[in-house]
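Read the structure below first, then the notes.
Number of protein chains: 2
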Amino acid sequence: MHSFTEENYLKAIYKLQETNGEVVATSALAQVMGVHAPSVTDMLKRMAGKKLVTYQKSKGFKLSEKGKKVAVGIIRNHRLWEVFLVDKLGFRWDEVHDLAEQLEHIHSEDLTNKLDKFLGFPKADPHGDPIPDANGVLPKSKSVLLSSLKAGEEGTFTGVTDHSPVFLNYLDKNAISLGNSIKVASIEEYDQTYTLQLTGKKEVTVSFKVVNSLLVSR
Amino acid sequence: MHSFTEENYLKAIYKLQETNGEVVATSALAQVMGVHAPSVTDMLKRMAGKKLVTYQKSKGFKLSEKGKKVAVGIIRNHRLWEVFLVDKLGFRWDEVHDLAEQLEHIHSEDLTNKLDKFLGFPKADPHGDPIPDANGVLPKSKSVLLSSLKAGEEGTFTGVTDHSPVFLNYLDKNAISLGNSIKVASIEEYDQTYTLQLTGKKEVTVSFKVVNSLLVSR
DNA sequence: AAATTAAATTAGATTAGCCTAATTTTACTT
DNA sequence: AAGTAAAATTAGGCTAATCTAATTTAATTT
Chain A
394 MHSFTEENYL
404 KAIYKLQETN
414 GEVVATSALA
424 QVMGVHAPSV
434 TDMLKRMAGK
444 KLVTYQKSKG
454 FKLSEKGKKV
464 AVGIIRNHRL
474 WEVFLVDKLG
484 FRWDEVHDLA
494 EQLEHIHSED
504 LTNKLDKFLG
514 FPKADPHGDP
524 IPDANGVLPK
534 SKSVLLSSLK
544 AGEEGTFTGV
554 TDHSPVFLNY
564 LDKNAISLGN
574 SIKVASIEEY
584 DQTYTLQLTG
594 KKEVTVSFKV
604 VNSLLVSR
Chain B
394 MHSFTEENYL
404 KAIYKLQETN
414 GEVVATSALA
424 QVMGVHAPSV
434 TDMLKRMAGK
444 KLVTYQKSKG
454 FKLSEKGKKV
464 AVGIIRNHRL
474 WEVFLVDKLG
484 FRWDEVHDLA
494 EQLEHIHSED
504 LTNKLDKFLG
514 FPKADPHGDP
524 IPDANGVLPK
534 SKSVLLSSLK
544 AGEEGTFTGV
554 TDHSPVFLNY
564 LDKNAISLGN
574 SIKVASIEEY
584 DQTYTLQLTG
594 KKEVTVSFKV
604 VNSLLVSR
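Just so you know, the sequences run in chain order A and B.
Straight run, no breaks: the first sequence in the numbering used here ends on number 611.
Straight run, no breaks: the second sequence in the numbering used here ends on number 611.
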């Protein structure tokens, strides 16, 4: 159907559109794909030919409806496999990304749906990212950055915006786990460090960078 | 590491060596790979360069130790994934081959071994084919073709040599399942049809082609 | 052993996805 | 509005894996 490369472009474009707005720049895509700009121009022409993206010379590009559908399908696969790897095989949440990047490209609606059922129709992957349903519908998250809470406010830890293993390990080390309740005990005005009160009254003091990578729902 | 294509060549060569003897012909490999002969010559030169096969111009070729190791690793993956698809996800045994062909190329010893453990260290895949262990050791099968039994002899159905969905469905339709006991009730001399007595005294009459594709152990 | 047939290889092209270097287009400054 | 900087594209090349057509090598038949 589509090559792995095409699929990875689609996924990357989808994510860039999600965070950086509708239209994507060649250079931005080149950066996340780890290739040089002319390769992107090349690839986009091919993909535009297949109606996966709409592309106007030097004006940026975005996914077509068709392209979006493919991208969401891949994200669904990716997140379901991550759940499998963690829940069934016992991998840690910081180990599964690269494996899921490979598994996500195996195309079979039947496989995906059977896997979904086997896992008990999970709503989110091990990092809290929502899993699109079989129709490609992504539940709209109501989570906010922990950095947006004021001192005294509280929420439930629902996800991360930084998926790097080093950050995930940092959270493990400080016993900050998905589903925990987190209360902002205090905020140091001088350097924006946050003291957090976790489930069981444990307190940790963390930098702004940390609270700015945590999602909570209130 | 190696491309999917290379890995598929390695697997195909391994299987040809297993059934047709040590040295493999260009044309035979071209046929099973579904490509034309010059493509095979090309590919083999590349693979010889990587020490995956030993190759002498116009003299055929065979796997090196290194190549054999890679091939067996892929077969291990393939068969473990087939067990997963059937035992855990509920696929039928005639549906899993193509999916396993994709899953087998995901490389991670860690993944393979965790999957193996999750499945309870199975010894054979859903078609009865033996699964190499983590060291690449394949248990030597003591099974024989059902066609080699004489009238009155009996065995346990342990595997098939024809893996085509149409044959597997035929077996399903006649309630011939792995693990069943099968007794050769009689052999018709005229056309070599076999009447088999299955577990529970059910009798079926089948052609020579069928008994020549069934493996039994005595 | 010579002739014919079959198998394998070489030669030369093609496609996807990438590259570097050069050029063009767009955006930003003054 | 002109000049510069940044971003995007074109031009031309490379590699892996394939192809067809032509040639060479090996095997088989008479």
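Glycine residues also receive a C-beta, built at the ideal position from the N, C-alpha and C atoms.
Identification of chain A residues near glutamine 590(B) by a Cβ-Cβ cut-off of 7 Å yields none; the smallest Cβ-Cβ distance measures about 36 Å. Within 10 angstroms of the beta-carbon of glutamate 582(B) lie fewer than 16 other beta-carbons, which makes it exposed. In this structure the region 499 to 512 of chain A lies against the region 467 to 485 of chain A, because at least three pairs of beta carbons, one per stretch, are closer than 8 Å.
Distances from the CA of threonine 554(B) to each of Trp486(B), Glu399(B), Ser457(B), Ser606(B) were compared; the closest alpha carbon is that of Ser606(B).
Boundaries of the beta strand (DSSP E) harbouring leucine 608(B): 607 to 610, taken from the DSSP string.
Counting only runs that start and end inside the region 514 to 552 of chain A, there is no alpha helix (DSSP H) element of at least 4 residues.
Restricting attention to Leu492(A), Ala464(A), Val465(A), Lys462(A), the CA atom closest to the CA of valine 476(A) is found in Leu492(A). Under DSSP, tyrosine 587(B) takes part in a beta bridge, and its partners are Ile580(B), Val599(B).
Secondary structure at phenylalanine 484(A): coil, using DSSP grouped into helix, strand and coil. At least one CB atom of chain A sits nearer than 7 Å to the CB of leucine 504(B). Not flagged as an interface residue toward chain A: serine 396(B), since no C-beta distance is shorter than 7 Å. Interface residue (Cβ-Cβ distance to chain B less than 7 Å): phenylalanine 511(A) is classified as such.
Within the DSSP secondary-structure output, leucine 456(B) pairs in a beta bridge with Val446(B). About 6 Å separates the Cβ atoms of leucine 445(B) and serine 457(B), confirming a contact at the 8 Å cut-off.
Among the residues of the region 491 to 503 of chain B, those with a Cβ less than 7 Å away from any Cβ of chain A are Leu492, Gln495, Leu496, Ile499, Ser501, in the order of the chain. Excluding the 5 residues flanking it on each side, histidine 490(B) has same chain C-beta neighbours closer than 7 Å at His556, in chain order. At least one CB of chain A lies nearer than 7 Å to the CB of leucine 482(B). Under the Cβ criterion of 7 Å, lysine 452(B) is not counted among the residues facing chain A. Closest by C-alpha distance to valine 537(B), out of Ala578(B), Ala527(B), Gly552(B), is Gly552(B). By alpha-carbon distance to lysine 452(A), the top candidate from Val465(A), Gly466(A), Glu399(A), Thr434(A) is Thr434(A). For lysine 443(B) and lysine 459(B), the gap between their C-alpha atoms comes out near 10 Å. Considering only beta carbons, no part of the region 535 to 555 of chain A lies closer than 7 Å to chain B.
Cβ contact annotation for serine 534(B) (same chain, cutoff 7 Å, sequence separation greater than five): Pro523, in chain order. According to DSSP, valine 417(B) shares a beta bridge with Phe454(B). Around serine 579(A), the same chain offers Ala544, Thr588 as residues with beta carbons nearer than 6 Å, after the five sequence neighbours per side are excluded. Serine 570(A) carries a coil assignment under DSSP once its states are collapsed to helix, strand and coil. Glycine 521(A) and leucine 608(A) do touch by the CB rule: their CB atoms are close to 7 Å apart, below 8 Å. Secondary structure note for lysine 510(A): its alpha helix (DSSP H) is the uninterrupted segment 502 to 511. It is roughly 12 Å from the alpha-carbon of leucine 591(A) to the alpha-carbon of glutamate 546(A). Per DSSP, reduced to three states, the secondary structure at isoleucine 575(B) is strand. In this structure, DSSP gives isoleucine 499(A) a state outside helix and strand, which the three-state scheme calls coil. Residue-level contact check: lysine 507(B) touches chain A, since one or more beta carbons of chain A fall below 7 Å from its beta carbon. Annotated three-state conformation of histidine 471(A) is helix, per DSSP.
Rounded to the nearest whole angstrom, the C-alpha separation of lysine 450(A) and arginine 485(B) is 49 Å. In the three-state reduction of the DSSP assignment, glycine 466(A) falls in the helix class. Glutamine 410(A) has its alpha-carbon roughly 24 Å from the corresponding atom of valine 603(A).
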